[in-house]
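Residue numbers (the working numbering), protein chains in the order written: chain U, 1 to 369; chain H, 370 to 561; chain Z, 562 to 968.
In this text, a Cβ means the ideal position worked out from N, Cα and C, and glycines have one as well.
Worksheet: the structure to be examined is printed underneath.
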């Protein structure tokens with residue numbers, strides 16, 4: 001018996017019940033299967049790149065905080081590396097170690113948000129979300145101790161970081177590492193072997209490695225598809241050349257693999273932090289000869305890239321000799337990772353759509369800038 | 370074995386039930402605030418301020434408005450401007466602390482509160498009288514000399530301008546017009 | 562006293578009913594005093610269900626808060642006990658919308674149709690020694706039949722909303738409800754066979770050891786099946802999961818929504834009471850003539866805690882997985898349970914037709930290991946075989962970099 005069915009187009013509107021910010025998807029359903037997907041972006045565009053042309057090089061650091069607002073330290077790091085390439089300077093050793101330390105702390109915090117909301121969309125009523133945010137609270141408390149603000153940190157400056165750590169930072173950090181080990185072990189026990197979770201996420205929305213590379217995705221999405229590419233190993237910056245850590249690699253690029261890669265990356269970040277704590281030496285934290293307002297040579301360009309929590313974050317700066325960059329272009333990982341949206345969603349059902357989108361982990365502050 | 374993962378999950382949630390709640394019940398309890406916290410009100414020491422407006426120039430949002438006129442009332446201190454207007458628009462401030470970073474005389478500090486909400490937009494602008502009259506509990510953000518004295522803005526008493534110290538930054542190392550430095554700071558020029 | 566209750570009447574054991582009947586029987590005709598006595602008791606029961614639902618919402622929020630390592634609501638009243646009142650006040654002040662093009666009569670009737678089976682079910686639950694409204698000798702059948710009637714209410718809600726997505730959500734929910742009826746019904750047959758009667762009171766009295774031990778498989782199937790029927794996580798596709806298709810109660814606001822929500826929570830309360838009666842030996846316990854209600858309450862609260870605990874821990878299942886669970890896992894289990902129980906009852910039944918406590922222990926000893934084995938064996942049906950072999954990478958996979966591989 002042939003029933004006449006008709007596909008329906010639905011707007012998963014800018015105000016999402018699940019998170020990720022103001023992201024709009026126009027989906028055409030045939031029954032419960034997704035037939036066509038059209039993402040519509042731009043609801044959070046604030047003109048960051050244009051604003052950067054009006055501000056001097058240190059003021060732009062405050063702008064970069066607000067790009068991917070769940071991982072501000074890493075944004076600062078990417079920008080400062082780009083400016084240091086423009087000025088052809090290097091931060092002192094302690095500055096590099098401190099940058100690596102806070103960047104890894106921030107990576108843990110960002111992945112906790114990603115994992116927490118991923119499980120929330122699977123429907124677990126927020127229990128793993130609460131646990132993830134409890135751990136994230138401790139990290140944000142450490143940031144407050146370090147630079148005075150929890151989320152929009154502006155901790156780094158071109159040439160290093162702006163201030164050394166206070167005395168009570170190191171004991172607080174080791175307390176955090178101890179408690180976090182226990183709390184994260186709990187989360188792993190709750191989630192990684194849960195049969196309901198594996199049966200809902202394994203084999204769903206697979207992304208083969210060649211398609212991942214062709215769509216220029218980066219970060220955990222790429223590593224979950226089987227490509228062991230991590231800029232911290234390929235082109236080490238700051239103190240990563242001296243750190244020992246592994247790269248978790250998935251197998252088939254399904255939702256479970258992306259989730260698993262993030263959970264493992266948190267563990268590896270803890271390893272890096274412990275090595276930083278051991279190896280850090282005292283010294284200056286910022287390059288000594290910089291004026292308050294820096295002026296690079298006219299006509300130089302620089303591309304400073306880091307491995308952010310969501311992928312390859314890079315700043316392309318062009319200088320014209322003035323106090324502000326002539327052009328500041330942000331290569332945001334979330335926007336480029338959205339290239340695979342259609343491949344991930346078409347052919348799968350509605351309940352899987354929310355979960356798959358959550359597993360790619362986009363942040364609209366970065367997508368729209 | 371099937372079902373074991375789910376059973377372990379149940380154990381985890383049950384264990385969490387027996388732990389003490391992580392909640393801090395605001396407003397009866399407050400979270401621990403650290404000395405470098407970038408608060409909402411600003412702490413300004415007029416005795417040190419020369420009206421140079423570096424803070425206004427360095428603010429990324431341009432919310433500080435300073436209007437000065439040459440002063441005849443402080444001839445002994447040299448060129449010190451008389452401040453007629455010093456407005457900080459708190460409603461658009463992002464508390465980045467760049468103004469504090471820019472101040473060459475260490476006269477502007479971040480505050481340590483966060484409960485400055487008001488009911489109208491006009492109330493959200495800090496004028497120079499408010500800056501003069503407010504209680505001075507400066508945060509130790511970007512002021513390492515204050516931090517080394519282990520001052521805690523939340524619990525400590527208000528500090529006067531002689532007590533907040535000066536940072537030994539290299540361009541402060543000579544006597545500026547009107548500012549008295551302690552003797553061991555006088556020395557090299559900033560380009561050394 | 563004009564009207565006297567017959568000793569064979571189902572209301573005879575109920576002392577309150579008898580008292581009301583005979584008291585009012587002196588000045589009104591007998592049929593009206595039946596009505597008045599019944600009304601008095603139903604007033605008690607309806608209020609207890611509604612109040613109980615309100616308290617259970619409070620309990621759920623506090624327990625979920627503690628599972629999340631935080632405090633639940635604690636601002637209104639001591640320990641937040643007045644929170645349901647605050648919620649009710651908020652819902653009462655909302656606009657009572659009927660969507661354009663909706664079927665007005667059906668739309669308005671839905672909260673009543675959903676509440677009705679729920680309250681009817683409380684009529685046969687024994688709260689304590691000699692405390693139940695009607696000692697029906699087909700109690701179990703009554704409960705199963707009446708609980709199935711709530712399905713109609715859900716479909717009415719979805720249909721009358723004039724909303725494509727509500728209909729979609731309601732249809733899914735009805736599919737789930739109908740699928741889970743079969744294992745639930747079959748699982749209760751074992752208990753009926755052991756007791757020899759369907760009356761809930763005699764089931765409680767026959768439980769010299771709780772049926773939790775004698776019929777563990779039936780308990781597992783019943784709890785899972787009722788979880789699905791109550792639309793609770795992990796089976797709550799009908800209400801929470803469909804983010805754009807918000808379920809059958811999308812278009813409800815204000816007091817209608819409050820009633821539907823109270824029905825859902827009240828249903829959990831009543832089902833917990835039924836589980837406590839059937840499997841945990843109801844009001845049995847020390848000093849049961851005086852404290853029977855206390856044991857009943859504690860057992861009900863225990864089951865409610867288990868429901869909330871499961872809700873706080875697990876993610877949701879997809880619709881096809883829910884169907885697979887019902888038809889491929891629970892139904893074979895319940896049939897095996899029925900077969901094994903009937904063999905055991907046939908072999909162990911004494912001359913007078915009753916099973917002694919020792920027989921029950923023997924059955925427990927056989928059933929418990931059997932059920933654990935079966936659950937573990939058949940459980941693999943949920944896992945679809947996923948091709949987890951590595952996908953061949955085209956571009957250079959970088960050598961010499963330390964990697965960890967997913968299992």
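Query raised in the report: Applying the criterion that 16 or more other CB atoms from any shown protein chain within 10 Å of the CB defines a buried residue, is residue 170/U buried or exposed?
Result: By the neighbour-count rule (16 or more Cβ atoms within 10 Å), residue 170/U is not buried but exposed.
Query raised in the report: Should residue 930/Z be labelled buried (16 or more other beta-carbon atoms within 10 Å of its own) or exposed?
Result: Per the 10 Å Cβ criterion, exposed.
**Report entry** Sequence-distant residues of its chain with Cβ nearer than 7 Å to residue 574/H (five each side left out)
**Finding:** Residue 574/H is absent from the structure shown; chain H starts at 370 and stops at 561.
Query raised in the report: If we count the other Cβ atoms within 10 Å of its Cβ and call it buried at 16 or more, is residue 595/Z buried or exposed?
Result: Under this definition residue 595/Z is a buried residue.
**Report entry** Inter-residue Cα distance where the pair is residue 577/Z and residue 757/Z
**Finding:** Residue 577/Z and residue 757/Z have their C-alpha atoms some 28 Å from each other.
Query - Assigned secondary structure, residue 661/Z (DSSP; H/G/I helix, E/B strand, else coil) - result: Correct three-state label for residue 661/Z: coil.
Query raised in the report: Taking 7 Å as the CB-CB limit, is residue 200/U close to chain Z?
Result: True, the Cβ-Cβ gap to chain Z drops below 7 Å.
Query - residue 328/U, DSSP secondary structure in three states - result: Strand at residue 328/U.
Query - Meets three-Cβ-pair contact criterion under 8 Å: the segment 862 to 873 of chain Z and the segment 751 to 769 of chain Z - result: Using a Cβ-Cβ distance cut-off of 8 Å, the segment 862 to 873 of chain Z and the segment 751 to 769 of chain Z are not in contact, since fewer than three pairs of beta carbons, one from each stretch, lie closer than that value.
Requested in this report: List the residues of chain Z that residue 391/H touches, going by C-beta distances under 8 Å, in chain order.
Outcome: Those within 8 Å of residue 391/H in chain Z are 630 and 631.
Report task. Write down every uninterrupted run of the beta strand (DSSP E) in the segment 234 to 322 of chain U whose length is 3 residues or greater and which is fully enclosed by it, in chain order. Result -> Entirely contained in the segment 234 to 322 of chain U, the beta strand (DSSP E) runs reaching 3 residues are, in chain order, 247 to 249, 298 to 308 and 311 to 320.
Query raised in the report: At a Cβ threshold of 7 Å, is residue 381/H touching chain U?
Result: Yes, contact with chain U.
Query raised in the report: Taking 7 Å as the CB-CB cut-off, is residue 76/U touching chain H?
Result: Judged by the 7 Å Cβ criterion, residue 76/U is not in contact with chain H.
Report task. Note down, in chain order, every chain U residue with its Cβ under 7 Å from the Cβ of residue 420/H. Result -> For residue 420/H, there are no neighbours in chain U by C-beta distance under 7 Å, as the nearest C-beta there is about 18 Å away.
Report task. Rounded to whole angstroms, what's the CA-CA distance from residue 740/Z to residue 890/Z? Just pull it up for me. Result -> Rounded to whole angstroms, the gap between the alpha carbons of residue 740/Z and residue 890/Z is 12 Å.
Report task. Indicate whether at least one CB of chain H lies closer than 7 Å to the CB of residue 15/U. Result -> For residue 15/U, no CB of chain H lies under 7 Å from its own CB, so it is not counted at the interface with that chain.
Requested in this report: Output, in sequence order along the chain, the residues in the segment 869 to 903 of chain Z whose CB is closer than 8 Å to any CB in chain H.
Outcome: Correct list: 870, 871, 873, 874 and 875.
Query - C-beta atoms of residue 205/U and residue 348/U nearer than 7 Å - result: For the pair residue 205/U and residue 348/U, the CB atoms are nearer than the 7 Å cut-off.
Query raised in the report: Do the CB positions of residue 42/U and residue 368/U come within less than 7 Å of each other?
Result: Taking 7 Å as the Cβ cut-off, residue 42/U and residue 368/U qualify as a contacting pair.
**Report entry** Straight-line Cα distance separating residue 706/Z from residue 682/Z
**Finding:** Looking at the backbone, the Cα of residue 682/Z and that of residue 706/Z are separated by about 10 Å.
Requested in this report: Note down the Cα distance separating residue 634/Z from residue 391/H, rounded to an integer number of angstroms.
Outcome: Between residue 634/Z and residue 391/H, the alpha-carbon positions lie close to 14 Å from each other.
Report task. Kindly list, in the order they appear in chain U, the residues whose Cβ is closer than 7 Å to that of residue 794/Z. Result -> Those within 7 Å of residue 794/Z in chain U are 123 and 125.
Query raised in the report: At what residue ranges does the segment 645 to 697 of chain Z contain a whole run of the alpha helix (DSSP H), taking only runs of 4 or more?
Result: DSSP runs (the alpha helix (DSSP H)) wholly in the segment 645 to 697 of chain Z: 665 to 682.
Query - Near-chain Z residues of the segment 351 to 366 of chain U (beta-carbon distance less than 7 Å), N- to C-terminal order - result: So the list reads 351 and 354, given in the order they occur along the chain.
Requested in this report: For residue 368/U, decide whether its Cβ has a neighbour in chain Z, counting only Cβ atoms nearer than 7 Å.
Outcome: No, its Cβ sits nowhere closer than 7 Å to a Cβ of chain Z.
Query - Three-state secondary structure (DSSP) of residue 227/U - result: DSSP places residue 227/U in coil when its eight states are reduced to three.
Query raised in the report: Secondary structure at residue 26/U, three-state DSSP: helix, strand or coil?
Result: In the structure shown, residue 26/U sits in a strand (DSSP, three-state: E or B).
**Report entry** Boundaries (first-last residue) of the beta strand (DSSP E) holding residue 910/Z
**Finding:** In the DSSP assignment, residue 910/Z falls outside any beta strand (DSSP E) and carries neither an H nor an E.
Query raised in the report: Does the Cβ of residue 920/Z lie closer than 6 Å to at least one heavy atom of the ligand MN?
Result: Among the ligands in the structure shown, none appear at all, so the ligand MN cannot be discussed.
Query raised in the report: Cα separation between residue 128/U and residue 624/Z?
Result: So the two alpha carbons sit approximately 15 Å from each other.
Query raised in the report: Is residue 540/H buried or exposed, if buried means 16 or more other CB atoms sit within 10 Å of its CB?
Result: Caution is warranted here: a pLDDT of 45 is assigned to residue 540/H, below 50, making its placement in the model unreliable, and the coordinate value is therefore given only provisionally. By the 10 Å Cβ count, residue 540/H comes out exposed.
**Report entry** Element boundaries [beta strand (DSSP E), containing residue 436/H]
**Finding:** It spans 433 to 439 - the beta strand (DSSP E) in which residue 436/H sits, taken as one unbroken run.
Query raised in the report: Between residue 257/U and residue 352/U, what straight-line distance do the alpha-carbon atoms span, to the nearest angstrom?
Result: Cα-Cα distance, rounded: 15 Å.
Query raised in the report: Run through DSSP, which three-state label would residue 850/Z get?
Result: It is helical.
Query raised in the report: Which one of 904/Z, 640/Z and 819/Z has the shortest CA to CA distance from residue 656/Z?
Result: With distances taken between CA atoms, residue 656/Z lies nearest to 819/Z out of 904/Z, 640/Z and 819/Z.
Query raised in the report: In chain H, which residues lie less than 8 Å from residue 162/U when you measure between Cβ atoms?
Result: Here the neighbours are 470 and 511.
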